[in-house]
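S.K.: Using this note's numbering, count along the sequence shown one by one with no gaps and you end on 599.
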Amino acid sequence: MEFVVLYCNKNQYQMFEEFVFRHSPVDYSKVEILVYDDNSTLDQKQLLEQLCLKYDNIKWINPEVNSNSQAPIFSAFNAADKYLLENNYTANWILFFENDCFPFQENFWSELSNTINKYDWLERKVGLFGFSNFQQYNQGEPVYSSGNPVPGRGNLLNGILQPPYSGWYQNLSTEYYETDYFVVEVPNWQSVCINRKLFREIISIDVKYKGRLLNTDDMAHQFMLNNIFNICFPRLFVYHDSGELKNRVNLINDANYSRSDNVHDVFETRWGWRWGKRNMHLRNQFKNVLDNSDFYDNTIQEKLFNMHINDGPKKIEDFE
């Protein structure tokens with residue numbers, strides 16, 4: 280298999296059997312599942328141990344470490360890569376899922392493998408890739424409705440901060456969804472594939488990030504700064520549950536887990552502008568960095584900044 284599956288989990292191990300395995304149309308026994316535990320309670324770690332005993336394809340990759348929620352997604356990718364190296368796995372792609380996200384096509388695993396094998400430039404030119412992300416569920420079928428699917432999010436494309444996009448690749452023209460792939464600033468972070476080799480070569484982990492927020496976004500920008508692309512394959516579907524299904528699962532509620540007050544400050548310090556549609560000065564901040572330093576000279580970020588979301592989907596050759 281060209282990829283392995285990764286979860287970064289904290290206190291939500293019921294999600295495997297009561298949510299993912301129950302509602303996703305794919306057969307999870309067909310893939311290797313790595314689990315990075317982000318300092319769960321003892322009871323929850325015992326649930327993980329039981330899952331590993333019950334399913335021989337589920338591997339707990341950091342049983343000896345108690346994480347303290349510093350940049351957990353960064354840390355999960357790093358730990359997964361080290362585990363794969365130590366155990367002589369040849370797969371170059373780590374497919375990450377948030378705990379409430381799963382494939383929405385019965386043949387997703389084979390289609391993903393075919394996609395990885397189809398593009399001989401993928402391992403050289405792409406750091407992260409993602410999928411069309413649906414947020415409505417109807418008896419196992421994706422629902423096309425206002426704003427859906429959502430392949431990614433961004434700040435730099437001219438027009439993407441205003442409605443109907445509001446910082447996301449959403450409400451896009453039909454051509455976006457019908458093309459084989461297109462370049463995005465950040466793939467929709469709830470499910471992304473990461474290039475292990477390029478992660479090892481390029482990505483530095485900033486432990487000042489607390490919680491999960493903006494971890495994937497920072498990785499995406501590190502790749503782009505080194506002229507490595509992030510893309511979406513829009514005809515591969517995943518589903519991210521907004522509460523319709525996971526509300527049926529008895530979970531520990533930790534409202535502070537995913538978010539932290541410091542992450543936007545850390546991002547702004549690293550990149551020179553503050554993330555998100557609420558920042559009314561974002562384009563001015565980015566232009567100020569362009570005008571007063573060579574930090575973004577000839578990078579993908581600079582090229583995105585000079586494009587418009589309404590120009591339609593762009594291929595890698597449009598940037599080269």
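Ideal Cβ positions, reconstructed from N, Cα and C, are used throughout, including at glycine.
For Pro442, count the other beta carbons within 10 Å of its own beta carbon; 16 or more makes it buried, fewer makes it exposed. Which is it?
M.R.: By the 10 Å Cβ count, Pro442 comes out exposed.
S.K.: Let me make sure I understand the geometry here. Which of Leu391, Pro382, Phe584, Thr394 has the alpha-carbon closest to that of Gln414?
M.R.: Considering only alpha carbons, the answer is Pro382.
S.K.: Should Glu523 go down as buried or exposed, given a rule of 16 or more other Cβ atoms within 10 Å for buried?
M.R.: Counting Cβ neighbours within 10 Å, Glu523 comes out exposed, since fewer than 16 surround it.
S.K.: Three Cβ pairs or more, each shorter than 8 Å: is that satisfied between the stretch 436 to 453 and the stretch 480 to 497?
M.R.: Judged by Cβ distances under 8 Å, the stretch 436 to 453 makes no contact with the stretch 480 to 497, as fewer than three pairs qualify.
S.K.: Determine, using beta carbons only, whether Asn288 and Asp322 come nearer to each other than 8 Å.
M.R.: For Asn288 and Asp322, no; Cβs fall outside 8 Å.
S.K.: What does DSSP give as the partner residues of Lys338 in its beta bridges?
M.R.: Bridge partners of Lys338: Leu313.
S.K.: Check each candidate in His500, Gln501, Ser470 and name the one with the smallest Cα separation from Asp520.
M.R.: Answer by Cα proximity: Ser470.
S.K.: Expressed to the nearest angstrom, what Euclidean distance is found between the alpha-carbon atoms of Tyr518 and Met559?
M.R.: Rounded to whole angstroms, Tyr518 to Met559 spans 31 Å at the Cα level.
S.K.: Could you name the residues that DSSP lists as bridge partners for Cys472?
M.R.: Cys472 pairs with Leu374, Phe408.
S.K.: Across the stretch 306 to 317 and the stretch 545 to 565, are there enough close Cβ pairs to call them in contact, namely three or more that are closer than 8 Å?
M.R.: Counting Cβ pairs under 8 Å, fewer than three are found: no touch.
S.K.: Nearest to Asn357 by CA position, among Lys309, Thr369, Ile340, Ala370, is which residue?
M.R.: For the residues Lys309, Thr369, Ile340, Ala370, the minimum Cα distance to Asn357 belongs to Ile340.
S.K.: Quick check: Pro592 and Tyr455, are their CB atoms within less than 8 Å of each other?
M.R.: Cβ distance < 8 Å, so Pro592 and Tyr455 count as in contact.
S.K.: Alpha helix (DSSP H) containing Arg549: first to last residue?
M.R.: 542 to 550 is the span of the alpha helix (DSSP H), which, as asked, contains Arg549.
S.K.: Within 10 Å of its beta-carbon, does Glu377 have 16 or more other beta-carbons around it, so buried, or fewer, so exposed?
M.R.: Its Cβ being crowded by 16 or more others within 10 Å, Glu377 is buried.
S.K.: For the candidate residues Trp400, Leu530, Ile579, whose alpha-carbon lies nearest to that of Leu326?
M.R.: The option with the nearest alpha carbon to Leu326 is Leu530.
S.K.: Does the Cβ of Asp360 have 16 or more other Cβ atoms within 10 Å, making it buried, or fewer, making it exposed?
M.R.: It counts as buried.
S.K.: With C-beta atoms as the reference, is Lys594 less than 8 Å away from Val542?
M.R.: No; because the gap between Cβ atoms is not below 8 Å, this pair is not in contact.
S.K.: Since Tyr292 contacts Val299 with CB under 8 Å, what's their CB separation in whole angstroms?
M.R.: With a Cβ gap of about 11 Å, Tyr292 and Val299 do not count as contacting.
S.K.: For a test of the three-state rule: what should DSSP assign to Asn563, helix, strand or coil?
M.R.: Helix, per DSSP.
S.K.: How close, in whole Å, do the beta carbons of Glu281 and Trp372 come, if the pair is a contact with beta carbons under 8 Å?
M.R.: Right, their Cβ atoms sit about 6 Å apart.
S.K.: On a CA-only basis, which of Lys333, Arg491, Met498, Glu385 is nearest Arg475? Give me that one, please.
M.R.: Minimum Cα distance to Arg475 is reached at Met498.
S.K.: For Cys621, which option in Glu296, Pro351, Ser354 has the closest C-alpha, if you only look at C-alpha atoms?
M.R.: One cannot answer for residue 621 here, as it falls past the ends of the chain, which runs 280 to 599.
S.K.: Taking Cβ to Cβ, would you say Gly406 is nearer than 8 Å to Leu477?
M.R.: Against a cut-off of 8 Å, the Cβ pair of Leu477 and Gly406 comes out as a contact.
S.K.: Candidates Leu451, Asn467, Leu374: which alpha carbon is nearest Ile473's?
M.R.: Of the listed residues, the one whose Cα sits closest to Ile473 is Leu374.
S.K.: Check each candidate in Cys511, Ile507, Ile579, Ala350 and name the one with the smallest Cα separation from Asn412.
M.R.: It is Cys511.
S.K.: Kindly provide the ranges of any beta strand (DSSP E) runs that are 3 or more residues long and lie completely inside the stretch 455 to 536, ordered along the chain.
M.R.: Taking only runs of at least 3 residues, the beta strand (DSSP E) segments lying wholly in the stretch 455 to 536 are 470 to 474, 508 to 519.
S.K.: Does the Cβ-Cβ distance between Leu313 and Val344 come in under 8 Å?
M.R.: Not closer than 8 Å, so no.
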